[in-house]
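Encoded as structure tokens, the structure appears first; notes follow it.
Protein chains: 2
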Amino acid sequence: MVQAQLESYISQHEGRFLDELMGWLRIPSISTLPEHAGDIRRAAEYAVEQLKRMGFEQAQVIATQGHPLVYGEWLKAPGQPTLLIYGHYDVQPVDPVELWESSPFEPSVRGDNLYCRGAADDKGQTMVVFKALEALMAVDGKLPINVRVLIEGEEEAGGESIEAYVRAYPERLKCDAAFICDSHMPSKELPALITGLRGIIYTEVEVRGAKRDLHSGSYGGVAPNPFHTLAVIITGLKDAQGHIHIPGLYDNIRPASEVEKNFWHDDPLHMNEMLLEEMGVREFTGEAEYPPLERIWGRPTVEVHGMVGGFTGEGAKTVIPAVAKAKISLRLPAGIRSDEAFALFERRVMELAPAGVEVIVHKVHGGEGVIVPVDAAPMQAAAAALKETYGKAPIFIREGGSIPIAALFYNLLGVPVVMMGFGLPDDNLHAPNEKYSLSQFYKGIRTVARFLQNMSHS
Amino acid sequence: MVQAQLESYISQHEGRFLDELMGWLRIPSISTLPEHAGDIRRAAEYAVEQLKRMGFEQAQVIATQGHPLVYGEWLKAPGQPTLLIYGHYDVQPVDPVELWESSPFEPSVRGDNLYCRGAADDKGQTMVVFKALEALMAVDGKLPINVRVLIEGEEEAGGESIEAYVRAYPERLKCDAAFICDSHMPSKELPALITGLRGIIYTEVEVRGAKRDLHSGSYGGVAPNPFHTLAVIITGLKDAQGHIHIPGLYDNIRPASEVEKNFWHDDPLHMNEMLLEEMGVREFTGEAEYPPLERIWGRPTVEVHGMVGGFTGEGAKTVIPAVAKAKISLRLPAGIRSDEAFALFERRVMELAPAGVEVIVHKVHGGEGVIVPVDAAPMQAAAAALKETYGKAPIFIREGGSIPIAALFYNLLGVPVVMMGFGLPDDNLHAPNEKYSLSQFYKGIRTVARFLQNMSHS
Numbered sequence: 001m002v003q004a005q006l007e008s009y010i011s012q013h014e015g016r017f018l019d020e021l022m023g024w025l026r027i028p029s030i031s032t033l034p035e036h037a038g039d040i041r042r043a044a045e046y047a048v049e050q051l052k053r054m055g056f057e058q059a060q061v062i063a064t065q066g067h068p069l070v071y072g073e074w075l076k077a078p079g080q081p082t083l084l085i086y087g088h089y090d091v092q093p094v095d096p097v098e099l100w101e102s103s104p105f106e107p108s109v110r111g112d113n114l115y116c117r118g119a120a121d122d123k124g125q126t127m128v129v130f131k132a133l134e135a136l137m138a139v140d141g142k143l144p145i146n147v148r149v150l151i152e153g154e155e156e157a158g159g160e161s162i163e164a165y166v167r168a169y170p171e172r173l174k175c176d177a178a179f180i181c182d183s184h185m186p187s188k189e190l191p192a193l194i195t196g197l198r199g200i201i202y203t204e205v206e207v208r209g210a211k212r213d214l215h216s217g218s219y220g221g222v223a224p225n226p227f228h229t230l231a232v233i234i235t236g237l238k239d240a241q242g243h244i245h246i247p248g249l250y251d252n253i254r255p256a257s258e259v260e261k262n263f264w265h266d267d268p269l270h271m272n273e274m275l276l277e278e279m280g281v282r283e284f285t286g287e288a289e290y291p292p293l294e295r296i297w298g299r300p301t302v303e304v305h306g307m308v309g310g311f312t313g314e315g316a317k318t319v320i321p322a323v324a325k326a327k328i329s330l331r332l333p334a335g336i337r338s339d340e341a342f343a344l345f346e347r348r349v350m351e352l353a354p355a356g357v358e359v360i361v362h363k364v365h366g367g368e369g370v371i372v373p374v375d376a377a378p379m380q381a382a383a384a385a386l387k388e389t390y391g392k393a394p395i396f397i398r399e400g401g402s403i404p405i406a407a408l409f410y411n412l413l414g415v416p417v418v419m420m421g422f423g424l425p426d427d428n429l430h431a432p433n434e435k436y437s438l439s440q441f442y443k444g445i446r447t448v449a450r451f452l453q454n455m456s457h458s
Numbered sequence: 001m002v003q004a005q006l007e008s009y010i011s012q013h014e015g016r017f018l019d020e021l022m023g024w025l026r027i028p029s030i031s032t033l034p035e036h037a038g039d040i041r042r043a044a045e046y047a048v049e050q051l052k053r054m055g056f057e058q059a060q061v062i063a064t065q066g067h068p069l070v071y072g073e074w075l076k077a078p079g080q081p082t083l084l085i086y087g088h089y090d091v092q093p094v095d096p097v098e099l100w101e102s103s104p105f106e107p108s109v110r111g112d113n114l115y116c117r118g119a120a121d122d123k124g125q126t127m128v129v130f131k132a133l134e135a136l137m138a139v140d141g142k143l144p145i146n147v148r149v150l151i152e153g154e155e156e157a158g159g160e161s162i163e164a165y166v167r168a169y170p171e172r173l174k175c176d177a178a179f180i181c182d183s184h185m186p187s188k189e190l191p192a193l194i195t196g197l198r199g200i201i202y203t204e205v206e207v208r209g210a211k212r213d214l215h216s217g218s219y220g221g222v223a224p225n226p227f228h229t230l231a232v233i234i235t236g237l238k239d240a241q242g243h244i245h246i247p248g249l250y251d252n253i254r255p256a257s258e259v260e261k262n263f264w265h266d267d268p269l270h271m272n273e274m275l276l277e278e279m280g281v282r283e284f285t286g287e288a289e290y291p292p293l294e295r296i297w298g299r300p301t302v303e304v305h306g307m308v309g310g311f312t313g314e315g316a317k318t319v320i321p322a323v324a325k326a327k328i329s330l331r332l333p334a335g336i337r338s339d340e341a342f343a344l345f346e347r348r349v350m351e352l353a354p355a356g357v358e359v360i361v362h363k364v365h366g367g368e369g370v371i372v373p374v375d376a377a378p379m380q381a382a383a384a385a386l387k388e389t390y391g392k393a394p395i396f397i398r399e400g401g402s403i404p405i406a407a408l409f410y411n412l413l414g415v416p417v418v419m420m421g422f423g424l425p426d427d428n429l430h431a432p433n434e435k436y437s438l439s440q441f442y443k444g445i446r447t448v449a450r451f452l453q454n455m456s457h458s
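Line by line, the protein sequences are chains G and P.
Okay, so the first sequence: first residue is 1 according to my numbering, each after it adds one.
Okay, so the second sequence: first residue is 1 according to my numbering, each after it adds one.
Here is the structure:
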């Protein structure tokens, strides 16, 4: 009876659900760019409104040292477990903006996809949760379990404020399980639950050479060139075979289970092919002695994201810059602690730096990796929900990205963390033309509603 | 008599000379940025006005495929030699603009210096020539020799148009000597004439990896990262000891004279100390087996000027870019032809590129190096002028920068090329806070007037 009503309610309101998502997406809540502070605030308030309208209590914006958190709770199901639901309302920057086929902050529906920065990461997925909660409340007047919602605005900027909050007030977040809706499935036909994530350290390596910018004619041949130093450092950190040369970094990787190892090796779902297709390349880079799935899920990597300094405009300028920086991150499988990795990284960078320049390693942010057990009740409740809506049992896989809050919930709150998301590999996260599948959006709402029902003891 | 009148005229008009320079400097004629095309035109017309007011004939803007040339002639001294005078009215971009202490295009006098983009390179030095010509005309009603003036607007952008013009119409530029006022002296007390310049090739090395920007969480470990390829290429082109690994590049360097070798080795003027001071460093980089002066004047160098792509804003973005580029130039001592150097460079870059990425080497511009004989009459006339105004015979040195037009005049027009400029090493060419010494500006005017007088047979 409830199932039919739920289905009817969701079907009837799909259009409005999409409209409400679009309204949220139009707010350019880029957390790393200070000029968007006002948008961050508006996006937070938009989420509070969603919670208030559903009848959540304590729905509020919580000020932090950085961008605000959004919190709301519904705790009127005595005897039932409490689920802590996490999402984030901030988004990545949009450059290179010229590669977007439609304006980055004007949602555009093309085929089954909704294109907009944040469509998938993570406003779309957070809206899935909101609408599942709304539907359950609407048809039954209550939720099947107790729910706390905690949404941050700094996920793309290091997530320091939510970490400080969780560490300071764990009792306010008391729960039996956490649920993070910020991941993807291998395809629309292949539901998945995430059992592991890599941690991260994001750094800026700054090299200072001469006291001022120099003309390469007058000084080229005797001047320190910070870009050359950075090239030496970058090639010294990772070789052409993908091996990282940071002593100690590989030491503490938590061993994978035999099941996982076999999955990585055998690749029964032909995920390698999908990866190659998504990247548009014919071969993988990296450590040839590990299967590609292990390289992205179970091995560390070093990646350069950008180089700052000198002349990057059109045409020619023959400057040797006084200062240049490289934005370099490391992904860290569970077992490698991010603070230890940073120390090893910094030591190695200093060792690689030649004489005659000053090198400074800045830590921008860091977060831990995690591996969660698949046999916990909430994981099984989520798996059952996916089977009910997708007609197929989910696979248990890892993801190579980092959701540091997952490790924090797992380690600090001591609860199982369900990572179930409805993104797809071609969603262009962090890239131009980010999109979210509309069918996944609607199916996600149904699945999350089922998940909460399955969590109920009754 | 004429000397006294000349001195009186120059002294009397110094203030106006400076005002006229400032008027020219306020026009932001950046040749590499398309949005400044209108400024380029205005700066050219400003120069034409200068020539017209002095009574030059044929004073005009000459349209080209690129930015216009400025030409004017005064050929009423039968039996006297003809001097072709070169300058450029275009300037470098101004970034990083936040490091300028005064607005880059608002001239600011502080102490003996005039700060502005183009103050030294090359509007200030070209104005020195204009005002020397004006003074000679004013006090004598004529010039002591015949003069053609040819000024370009693409020196900072490759100078292709003037090269095409000189190649197409050498007869229009018929002369007995060329004079380029675009170099500097080691100090205000040490006049110098330039006998050699390095050539240049300026390139963009473009690396294409995946078909789109990728998230380093989802793909880091198996994705091609163009920045890593660029780092491999850069470290493969030049090692930490400053040795360039481009097979064949060192083969054709024209041998230096014993006099020059001794000067480089002995460094009698303590120029090494000056170089260290100007750079603000304690040690030189580069080929330890060559004296520093040889490294910048007589040896090739490879320098990276900027890296384009990925994320360079504040904070963090974990993108693996689909495409990244490095702006890389080579300086080439006389003997190494720029087109041959480009071919060798391109071959080496391709050899260094790993599998799995596409590498494209773009040539932005190129120009030849040159060594000119010191015993030609015009060189001696310039040397005498410097001795007269500075009270000291000039030294004959090379410069590490590139003025491709010098090689073209020398090789194509077949005339001696006098390179005499009044810049100083700390003029911050191509960098924030470019300046020109006012005392050098005024002394330069007197020196150039003397130079023209000394060129006269009478």
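Ideal placement from N, C-alpha and C gives every residue a C-beta, glycine not left out.
Predicted model only: the values in this text are computed from it and were never measured.
Pull up the DSSP beta-bridge partners for residue i, would you.
i, result
"Lys363 (chain G)", "G:Thr203"
"Glu163 (chain G)", "Note: Glu163 (chain G) sits in no beta bridge, so no partner."
"Gly196 (chain P)", "P:Ile371, P:Arg398"
"Phe179 (chain G)", "G:Ile85, G:Val418"
"Ser456 (chain P)", "DSSP lists no partner for Ser456 (chain P)."
"Val460 (chain G)", "Beyond the ends of chain G as shown, which are 1 and 458, falls residue 460 (chain G); an answer cannot be given."
"Gly72 (chain G)", "G:Val149"
"Ser187 (chain P)", "P:Leu190"
"Leu358 (chain G)", "Correcting the residue type first, residue 358 (chain G) is Glu in the shown sequence and not Leu. Per DSSP, G:Arg208."
"Ile233 (chain G)", "BP columns for Ile233 (chain G) are empty, so no partner."
"Ile10 (chain P)", "Paired residues: none, contrary to the question."
Start and end of the alpha helix (DSSP H) containing residue i?
i, result
"Gln380 (chain G)", "377-390"
"Gly38 (chain G)", "37-53"
"Ser218 (chain G)", "216-219"
What are the start and end residues of the beta strand (DSSP E) that includes residue i?
i, result
"Gly241 (chain G)", "A small fix is needed here, since residue 241 (chain G) is Gln in this sequence, not Gly. Note, Gln241 (chain G): premise wrong, no beta strand (DSSP E); not H, not E."
"Glu57 (chain G)", "57-62"
Assuming residue i and residue j form a contact by the criterion Cβ under 8 Å, report the distance between their Cβ atoms to the nearest whole angstrom.
i, j, result
"Leu412 (chain G)", "Pro170 (chain G)", "6 Å"
"Glu490 (chain P)", "Leu408 (chain P)", "Since the displayed chain P opens at 1 and closes at 458, residue 490 (chain P) lies outside it and no answer follows."
"Met54 (chain P)", "Leu114 (chain P)", "Between Leu114 (chain P) and Met54 (chain P) the Cβ distance is about 22 Å, and since that is not below 8 Å, they are no contact."
"Glu351 (chain G)", "Val361 (chain G)", "Glu351 (chain G) to Val361 (chain G), Cβ: 11 Å. No contact."
"Val207 (chain P)", "Val359 (chain P)", "5 Å"
"Leu424 (chain P)", "Met185 (chain P)", "7 Å"
Point to revise | Cβ-based contacts, 7 Å cut-off: residues of the segment 283-304 of chain P near chain G | key: Glu283, Phe284, Thr285, Gly286, Pro292, Arg295, Ile296, Arg299, Thr301, Glu303, Val304
Exercise for review: Go through the segment 80-116 of chain G residue by residue and report every complete run of the alpha helix (DSSP H) that reaches 4 residues or more, in order.
Suggested key: none
**Study point:** Residues, ordered as in the chain, of the segment 311-322 of chain P that lie near chain G by beta-carbon distance below 9 Å
**Key:** Phe311, Thr312, Gly313, Glu314, Gly315, Ala316, Lys317, Thr318, Val319, Ile320, Pro321, Ala322
**Study point:** Positions along the segment 207-226 of chain G whose CB lies within less than 8 Å of some CB in chain P
**Key:** Gly209, Ala210, Lys211, Arg212, Asp213, Leu214, His215, Ser216, Gly217, Ser218, Tyr219, Gly220, Gly221, Val222, Ala223, Pro224, Asn225
**Study point:** Interfacial residues, the segment 345-368 of chain P to chain G, with Cβ spacing under 9 Å
**Key:** Pro354, Ala355, Gly356, Val357, Val364, His365
Exercise for review: Ignoring anything shorter than 4 residues or poking outside the segment 398-444 of chain G, list the alpha helix (DSSP H) runs there in chain order.
Suggested key: 404-408
Exercise for review: Go through the segment 110-152 of chain P residue by residue and report every complete run of the alpha helix (DSSP H) that reaches 4 residues or more, in order.
Suggested key: 123-140
Practice item. Kindly provide the ranges of any alpha helix (DSSP H) runs that are 4 or more residues long and lie completely inside the segment 240-277 of chain P, ordered along the chain. Key: 258-266
Practice item. Entirely within the segment 278-349 of chain G and at least 4 residues each: give me those alpha helix (DSSP H) ranges in chain order. Key: 292-297
Practice item. Could you run through the segment 239-258 of chain G and flag, in chain order, every residue whose CB is less than 8 Å away from some CB of chain P? Key: Ala240, Gly242
Practice item. Give, in chain order, every residue of the segment 60-72 of chain G whose Cβ lies closer than 8 Å to some Cβ of chain P. Key: none
Review point. Any residues in the segment 25-51 of chain P with a beta carbon nearer than 9 Å to a beta carbon of chain G? Which ones, in chain order?
Key: Ser31, Thr32, Leu33, Pro34
Check your understanding: According to a CB-to-CB cut-off of less than 9 Å, which residues of the segment 77-97 of chain P neighbour chain G?
Key -> Gln92, Pro93, Asp95, Pro96
Review point. Taking any Cβ of chain G, which residues in the segment 323-340 of chain P have a Cβ under 7 Å from it, in chain order?
Key: Lys327, Ser329, Arg331
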